[in-house]
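S.K.: Okay, so the sequence shown: first residue is 0 according to numbering that gives the first Met the number 0, each after it adds one.
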Amino acid sequence: MTTHRLFTSKALAGEVAVITGGRSGIGYAIAHDFLACGADVVIASRSAEGLARAEARLADETGRSCGMVPCDVRDEAGVERLYDYVAARHGGATIVVNNAAANFRTPAERMTSRAFDVVVGTDLFGTFHVTRAFVPAMLEAGRGVILNITLPRPEAGFPGFAHCGAAKAAIISLTATWAYEWGRRGVRVNAIAPGPVPTDGVAANMLHGEGAAGFEQITSNIPVGRLGTPADIAAAAVFLCSPAAGWITGQNLVVDGGVYLNGGNAPLMR
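(1) Determine which residues share a DSSP beta bridge with proline 229 and list them.
(2) With distances taken between CB atoms, is the gap from threonine 248 to arginine 187 smaller than 7 Å?
(3) Along the chain, where does the beta strand (DSSP E) containing proline 69 start, and where does it finish?
(4) CA-CA distance, arginine 269 and isoleucine 217?
(5) Between which residues of its own chain and threonine 61 is the CB-CB distance below 7 Å, once the five residues before and five after are set aside?
(6) Where does isoleucine 145 sit, in a helix, a strand or coil, going by DSSP?
(7) Does the Cβ of valine 41 have 16 or more other Cβ atoms within 10 Å, making it buried, or fewer, making it exposed?
(8) In chain order, what residues of the same chain lie with their CB nearer than 8 Å to the CB of proline 272, ignoring the 5 residues before and after it?
(9) Buried or exposed, going by whether 16 or more other CB atoms sit within 10 Å of the CB of leucine 267?
(10) For serine 172, does the three-state DSSP call read helix, strand or coil?
(11) To the nearest angstrom, report how far apart aspartate 39 and threonine 174 are at their CA atoms.
(12) Grab the span of the beta strand (DSSP E) containing aspartate 255 for me, first residue to last.
(13) Suppose you measure from the CA of alanine 265 to the CA of phenylalanine 124; what does that come to, to the nearest Å?
(14) Of the choices Val17, Ala107, Ala47 and Leu226, whose alpha-carbon is the least far from that of asparagine 97?
(15) From which residue to which residue does the beta strand (DSSP E) around isoleucine 42 run?
(16) Hey, how far is the Cα of histidine 128 from the Cα of glycine 143?
(17) If contact is defined by three or more beta carbon pairs under 8 Å, each pair taking one atom from either stretch, is the region 103-112 in contact with the region 48-56?
(18) Under the assumption that cysteine 70 contacts valine 118 (Cβ atoms under 8 Å), give the Cβ distance between them as a whole number of angstroms.
(19) Closer than 6 Å by C-beta to glycine 159: which residues in its own chain qualify, once you throw out the five before and the five after it? Chain order, please.
(20) Using the DSSP secondary-structure output, state which residues sit across from threonine 130 in a beta bridge.
(21) Once you ignore the five residues that flank glycine 49 on each side, which residues in its own chain have a CB closer than 8 Å to its CB?
(22) Which residues bound the beta strand (DSSP E) around threonine 19?
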C-alpha cells in the first residue's frame with residue numbers, strides 16, 4: 000500500500016516542503032507522498048537532468064507539479080539560491096527534509112581526507128547549510144519542521160563506512176540540539192533512520208558490488224521478514240511532518256523492520 004492511501008489528501012495541506020536529494024530513492028518517495036498529501040514541494044539535487052525526469056514523473060503519478068532546483072548542498076551559495084527560489088515562489092518553506100547524501104565503501108585505513116570530506120560535506124555540512132538557510136524564517140513565523148535522514152545506531156560503528164557513520168551520528172546530535180533550542184519557538188526537529196531499503200544508490204554503493212540482489216542475503220536478518228521500501232520511509236516522513244506528530248521532537252525514528260533488534264547495522268555488512 001502506498002503512503003498516500005494511508006493519509007488523507009489534506010494531511011499536509013498548506014505546507015511547503017523542500018526535499019534535498021529528491022530526484023530518486025527515498026527522497027523521491029517522500030516528494031511523491033508529500034504532493035499526494037497536499038503539500039507544495041520543491042526538490043533539489045545536483046543533477047538538473049535527473050531533477051527534470053523526477054519532476055515529470057511526479058506530475059504524471061500525482062497529478063500535481065513541483066518545483067526543482069539544481070543544488071549541491073555542500074555549496075552555501077547554491078543553498079542560498081535554493082532558498083531564494085522557494086521564497087520567491089512560495090514565500091518560504093514550512094518543512095525541510097535533509098535527505099541529500101553521498102556514500103561509498105572504503106576501508107578506514109585507506110580512507111583519504113578527500114573521501115571523508117565528500118561524505119561528511121554532503122551529509123553533515125549539507126544538513127547544516129540547508130537548515131541554517133531555511134530555519135530563520137521558520138523561527139520568525141513560529142512554525143516549521145526539520146526532518147533529517149540518518150542511520151540506526153551509527154554510534155555503534157559502521158564498518159566500511161566510517162565517513163558516513165561519523166556524519167550520521169553528528170546529525171543525530173544536531174537533531175536533538177536543534178529540537179531543544181527551537182521547540183519553544185515553534186520548530187520541531189526529528190530524524191528518520193532507515194533500515195535496509197533497496198534503492199539504486201544503496202545497491203550500488205553499499206553491497207560489495209552485488210547490486211540489488213545483494214539485499215536478498217540480508218532479508219533473513221529482518222524480524223518482519225521483508226526488505227523496506229521507499230514508501231515505508233515516506234509514510235514515517237508524512238507522519239512526522241504532519242500535525243499528528245505535533246508533540247514529537249528530537250527523535251531519531253528507526254524504520255527498519257526490526258533490524259535494530261538483530262544488532263543495528265550489522266546485517267548490511269554481511
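Ideal Cβ positions, reconstructed from N, Cα and C, are used throughout, including at glycine.
Just so you know, these numbers come straight off a predicted model, no measurement behind them.
M.R.: Let's see:
(1) Note: proline 229 sits in no beta bridge, so no partner.
(2) yes
(3) 66-69
(4) Its pLDDT being 26, under 50, arginine 269 is placed unreliably in this model, and the value from its coordinates should be taken loosely. So the alpha carbons of these two residues sit roughly 7 Å apart.
(5) His31, Leu34 and Ala35
(6) strand
(7) buried
(8) One cannot answer for residue 272 here, as it falls past the ends of the chain, which runs 0 to 269.
(9) In this prediction, leucine 267 has a pLDDT of 47, which is less than 50 and means its spatial position is unreliable; what the coordinates show is noted afterwards. Classification for leucine 267: buried.
(10) helix
(11) 24 Å
(12) Looking at the DSSP string, aspartate 255 is not in any beta strand (DSSP E), and its letter there is neither H nor E.
(13) Low confidence applies here, because alanine 265 scores a pLDDT of 41, under 50, leaving its location unreliable; read the following figure in that light. Cα to Cα, alanine 265 sits roughly 26 Å from phenylalanine 124.
(14) Val17
(15) 39-44
(16) 17 Å
(17) no
(18) That belief does not hold up - the Cβ atoms of cysteine 70 and valine 118 are roughly 17 Å apart, past 8 Å.
(19) Arg104
(20) DSSP, once it has assigned bridges, lists no residue as partnering threonine 130.
(21) Arg22 and Ser23
(22) 15-19
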